[in-house]
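**Q** Residue numbers (the UniProt record's numbering), protein chains in the order written: chain A, 1 to 225; chain B, 1 to 225.
The beta-carbon is built from N, C-alpha and C at its ideal position, and this holds for glycine as well.
Just so you know, these numbers come straight off a predicted model, no measurement behind them.
There are 2 protein chains.
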Amino acid sequence: MASDKSPALPVKNAGGRRLQNRDRLEADILEQAVRVFAESGYEGASIASIAERAGLSKQNLMYYFPSKQLLYQRVLDDVLDDWLARMESLANEHDEPRDVLRAYIGAKLRFSREQPWASRVYALEVINGAPLYGAQIRDRVVPLLRKDIAVFEEWIAQGRIAAVNATHLMFAIWAMTQSYADFSAQMALVLDRKQLTRKDYEDAEILLTHMVQAAIALPAAAPGA
Amino acid sequence: MASDKSPALPVKNAGGRRLQNRDRLEADILEQAVRVFAESGYEGASIASIAERAGLSKQNLMYYFPSKQLLYQRVLDDVLDDWLARMESLANEHDEPRDVLRAYIGAKLRFSREQPWASRVYALEVINGAPLYGAQIRDRVVPLLRKDIAVFEEWIAQGRIAAVNATHLMFAIWAMTQSYADFSAQMALVLDRKQLTRKDYEDAEILLTHMVQAAIALPAAAPGA
DNA sequence: GTCTATATTAGGATAGAC
DNA sequence: GTCTATCCTAATATAGAC
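This is the structure in structure tokens:
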């Protein structure tokens, strides 16, 4: 009975895990880390819970990621990499504003649906005032948003869309699409489901596209001009 | 210099504080608690940091709020009380849909501006899946949202607004207004300010009102109908 | 190069002093 | 009724074993 409560199970870790290469193991850790950080926030998340889900000891995890903060920043780096890769193909001079915006909303919504943990980790960091990742946001996200806003303003100057506040329009698009990851729990309660369905995302895309397109629609041109 | 590093300062607490009545002291604690929870999340917030800001020891704080979870729930209760008091005066059968929506957006934006910590604490809870407050959200928030959505649907049935998806329209309004508290850090970075100004909120209100009103505008009626 | 035993601090909570 | 000294667990991180 003395061995009954033996802590930390010196069970030798079965030997199989350690044979997979480092990259693979790091990927496993990061996959669990993004979920745990999304569920509890940076300070609430514990190395132990991440390690447990990834199937190794917390001390072992810290061999691969020497500190909690480094792990967290790596998680956010990956979140941004994924998001930027999806979004940068848009907002070119491109075709019609309507089509560009439809594609933009679709891509952002898809990210919320396919990577809800990533969206939430990012949102948590921003809500908390970006204490640990503000510099990266300033360097990698803000320039992109500014570039998109400049595109809107160009369209306005060319008379292709209505003269709305381009900055706040961008904020609105970001907020509406982001909320389908961040606020999905409340949405599911309103819709009386366990979680949002594919159909819900389709309905969302239709409404959001309609809202943005209605907002930028030029007033019906006076026929005689 | 030996006293230089004395921990915990057994300074007798000055005697003045304890003379104020319990209600006043609880209000002080709650005011600091909402800030700390907003900055660090539930698990990240520590009793010690809340107590320190409120000017008492953590053990003493726990005399007034016996557990962290009770303090947290009390904070969220107060957040909801404040929010509900501001919102329930709206969404009556009321005048024109345009005016009702303008007032609704204005009130929700004002809450984001005046009570950013309250908004953020609530948002953090929802993002984390509402593990500690889901029942209250279901009982107190969801019915209100459903009622508002039903009002939209009534308007649609009466042909007073365009036939949009009322549920997602409500989600969009919530997301856009909420984001001026939750994402203000990122917005400030984009706008290159330390924090959002009154003018920013005015610009926001104009754009959001325009977006929603454009979305619900009836297609230009055929003149001869 | 990979993993584990150990140190150290800070967390929430209780029992007891005033 | 109000506040404080103390307990115990769990957190991150390091030093050292294999």
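What residues in its chain sit with their C-beta under 8 Å from that of L101(A), if we drop five residues either side in the sequence?
**A** Excluding sequence neighbours, L101(A) sits near I173, T209, V212, Q213 and I216.
**Q** Identify each residue in the region 134 to 147 of chain B for which the Cβ-Cβ distance to at least one residue of chain A is less than 9 Å, and report them in chain order.
**A** Here the close residues are G134, I137, R138, V141, V142, L145 and R146.
**Q** Residues of chain B with CB closer than 9 Å to the CB of V190(A), please, in chain order.
**A** V141, V142, L145, R146, I149, T167, M170 and F171, listed in chain order.
**Q** Near M176(A), what residues of its chain come up, given a Cβ to Cβ distance below 7 Å and the 5 sequence neighbours on each side ignored?
**A** Counting only Cβ-Cβ distances below 7 Å, and skipping sequence neighbours, we find L208.
**Q** Quick check on the burial criterion: 16 or more other C-beta atoms within 10 angstroms. Buried or exposed for R120(A)?
**A** Its Cβ being crowded by 16 or more others within 10 Å, R120(A) is buried.
**Q** When the distance is taken between beta carbons, is L145(B) closer than 8 Å to V190(A)?
**A** A contact, by the Cβ cut-off of 8 Å.
**Q** Can you tell me the Cα-Cα spacing of K5(B) and L71(A), whole angstroms?
**A** For K5(B), the predicted structure reports a pLDDT of 32, less than 50, and the residue's modelled location is therefore unreliable. The matter cannot be settled from this model.
**Q** In terms of residues, what are the limits of the alpha helix (DSSP H) holding L101(B)?
**A** Per DSSP, L101(B) belongs to the alpha helix (DSSP H) from P97 to E114.
**Q** Buried or exposed: where does A54(A) fall if 16 or more other Cβ atoms within 10 Å of its Cβ makes it buried?
**A** With 16 or more Cβ atoms within 10 Å of its Cβ, A54(A) is classed as buried.
**Q** Closest Cβ-Cβ distance between D182(A) and chain B: below 8 Å?
**A** Yes, D182(A) lies at the interface with chain B (some Cβ there is under 8 Å from its Cβ).
**Q** Report buried or exposed for K199(B), applying the criterion of at least 16 other Cβ atoms within 10 angstroms of its Cβ.
**A** Answer is exposed; the Cβ neighbour count stays below 16.
**Q** Please name the residue, chosen from T167(A), N128(A), Y63(A) and K68(A), that lies closest to V36(A) on a Cα-to-Cα basis.
**A** Looking at the Cα atoms, K68(A) is the closest of the given residues.
**Q** Rounding to the nearest angstrom, what Cα-Cα distance links E122(B) and E125(A) in this structure?
**A** Reading off the sequence shown, one finds Tyr at residue 122(B), where the question assumed Glu. Roughly 15 Å between the two C-alpha positions.
**Q** So what's S67(A) in DSSP terms, helix, strand or just coil?
**A** Correct three-state label for S67(A): coil.
**Q** Which residues of chain B have a Cβ atom closer than 8 Å to the Cβ of I161(A), listed in chain order?
**A** Neighbours of I161(A) on chain B: none; closest Cβ ~12 Å, over 8 Å.
**Q** How about I29(B) and L80(B): are their beta carbons less than 8 Å apart?
**A** No.
**Q** If you reduce the DSSP assignment to three classes, tell me which class K58(A) lands in.
**A** Three-state DSSP puts K58(A) in a helix.
**Q** Using the beta-carbon count (16 or more within 10 Å), is T167(A) buried or exposed?
**A** Its Cβ being crowded by 16 or more others within 10 Å, T167(A) is buried.
**Q** Is the CB of R110(A) under 8 Å away from at least one CB in chain B?
**A** No, R110(A) does not count as interfacial toward chain B.
**Q** Nearest to D192(B) by alpha carbon, out of R138(A), P219(A) and Q73(A)?
**A** Of the listed residues, the one whose Cα sits closest to D192(B) is R138(A).
**Q** In angstroms, rounded to a whole number, what distance separates the CA positions of A185(A) and Y133(A)?
**A** Spanning the two alpha carbons is a distance of roughly 25 Å.
**Q** Residues of chain B with CB under 7 Å from I127(A), in chain order?
**A** What I127(A) touches in chain B: R120, A123, L124 and D182.
**Q** Which of helix, strand or coil does DSSP assign to T167(B)?
**A** Looking at T167(B) - three-state DSSP - the assignment turns out to be helix.
**Q** Do we get a CB-CB distance below 8 Å when we pair S179(B) with the residues of chain A?
**A** Interface residue, yes.
**Q** How long is the line joining the alpha carbons of V75(B) and Y42(B), rounded to whole angstroms?
**A** When rounded, the distance between both Cα atoms is 11 Å.
**Q** I'd like to know whether the C-beta of A164(A) is nearer than 8 Å to at least one C-beta of chain B.
**A** According to the sequence as given, residue 164(A) is Val; it is not Ala. Yes, V164(A) counts as interfacial toward chain B.
**Q** DSSP three-state call for V36(B): helix, strand or coil?
**A** Of the three classes helix, strand and coil, the one that applies to V36(B) here is helix, per DSSP.
**Q** In the DSSP assignment, find the alpha helix (DSSP H) that holds T209(A) and state where it starts and stops.
**A** T209(A) -> alpha helix (DSSP H) spans R198 to I216.
**Q** Quick one: list the residues of chain A neighbouring A175(B), beta-carbon separation under 9 Å, in chain order.
**A** The answer, in chain order, is A172, A175, M176, T177, Q178, S179, Y180, D182 and F183.
**Q** Among residues of its own chain, excluding the 5 on either side of D82(A), which ones have a beta-carbon nearer than 7 Å to its beta-carbon?
**A** For D82(A), where only same-chain residues beyond five positions count, the Cβ hits under 7 Å are Q115 and A118.
**Q** My output table needs one value for A150(A): the three-state DSSP class, helix, strand or coil.
**A** Correct three-state label for A150(A): helix.
**Q** What does the alpha-carbon distance come out to for the pair A51(A) and Y104(B)?
**A** Rounded to whole angstroms, A51(A) to Y104(B) spans 46 Å at the Cα level.
**Q** Would L196(B) pass as an interface residue toward chain A - the criterion being a Cβ-Cβ separation below 8 Å?
**A** Taking Cβ atoms only, chain A never reaches closer than 8 Å to L196(B), which makes this a no.
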